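Peer 1:
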Amino acid sequence: MALKAKQGTVKYRNDGFTLIEILVAMVIMGIVASVAVLSLQANHHRQLQSLTQGLTHFLHMEQQEALLQPATIRIALEKYPLPHGTELTLKMQGKNIPLQKTHSSPIIISSNGDITPFTLLIGLKGQLPRYKIVGEESGVIHFESIA
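Going by numbering that gives the first Met the number 0, the sequence shown runs without a break in its numbering and finishes at 146.
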């Protein structure tokens with residue numbers, strides 16, 4: 000709205016934002032939101048990768064303990080701390096084995112380093128697993144990403 004000033008100049012009153020200003024602000028908010036979503040997804044991926052590496056190191060340490068004592072050790076996976084929303088699935092001989100606190104783990108490491116063959120799938124609840132840890136009968140334990 001134009002107002003006439005005393006000396007003949009025209010001043011404009013600025014009561015609000017223009018449509019272009021609002022659109023620019025919305026575009027900026029959209030970009031920030033998309034970066035935040037991508038960042039959270041990458042964070043979950045890194046968190047799962049870190050968990051997988053930690054579990055693999057834990058299994059290697061238990062294997063070393065069995066060799067040094069010498070003793071047969073049952074692996075208690077249900078006692079390993081998991082981040083909220085993470086899910087472990089244990090597969091042995093093609094079957095899913097429930098990981099419950101009331102049952103002892105079926106993964107056994109012998110005093111010579113041999114281990115019960117297993118595959119441990121790691122992912123977020125309600126999604127397909129992203130990583131797996133494989134324990135071979137010969138005692139080899141490794142992890143890999145699932146494509």
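All C-beta atoms, glycine included, are put in the ideal place defined by N, C-alpha and C.
Quantities reported herein were computed from a predicted structural model and do not represent experimental measurements.
#1: On the CB-based measure, 16 or more other CB atoms within 10 Å of its CB, does Leu50 come out buried or exposed?
#2: Name the DSSP bridge partner or partners of Met91?
#3: Beta-carbon within less than 6 Å of Ile114's beta-carbon, same chain only, minus the 5 sequence neighbours each way: which residues are those?
#4: Can we say the stretch 49-65 touches the stretch 117-129, given the rule of at least three CB pairs closer than 8 Å?
#5: Out of Pro128, Gly125 and Glu64, which has the shortest C-alpha to C-alpha gap to Ile74?
#6: Is it buried or exposed, Thr101, if we count other Cβ atoms within 10 angstroms and call 16 or more buried?
#7: For Glu86, tell me which candidate among Gly93, Leu76 and Gln92 has the shortest Cα-Cα distance.
#8: Leu123 and His43 look like a contact to me (Cβ under 8 Å); what is the Cβ gap, rounded to whole Å?
Peer 2: Short version:
#1: Locating residue 50 in the sequence shown gives position 51, counting from the first residue. So Leu50 counts as buried.
#2: Counted from its first residue, the sequence shown places residue 91 at position 92. The partner list for Met91 (beta bridge, DSSP) reads Lys94.
#3: As a first step, residue 114 must be located in the sequence shown, where it is residue number 115. Closer than 6 Å at the Cβ level, and outside the excluded window around Ile114, lie Ile108, Gly134 and Gly138.
#4: yes
#5: Residue numbering aside, residue 74 sits at position 75 when the sequence shown is read from its first letter. Comparing Cα positions, the closest option is Glu64.
#6: Here residue 101 refers to the residue found at position 102 when the sequence shown is read from its first residue. For Thr101, the predicted model reports a pLDDT of 45, less than 50, meaning its position is unreliable and no value from the coordinates is stated.
#7: Indexing the sequence shown from 1 puts residue 86 at position 87. When each option's Cα is compared against that of Glu86, the closest is Leu76.
#8: Residue 123 sits at position 124 when you count from the first residue of the sequence shown. Residue 43 sits at position 44 when you count from the first residue of the sequence shown. That pair is a contact at about 6 Å.
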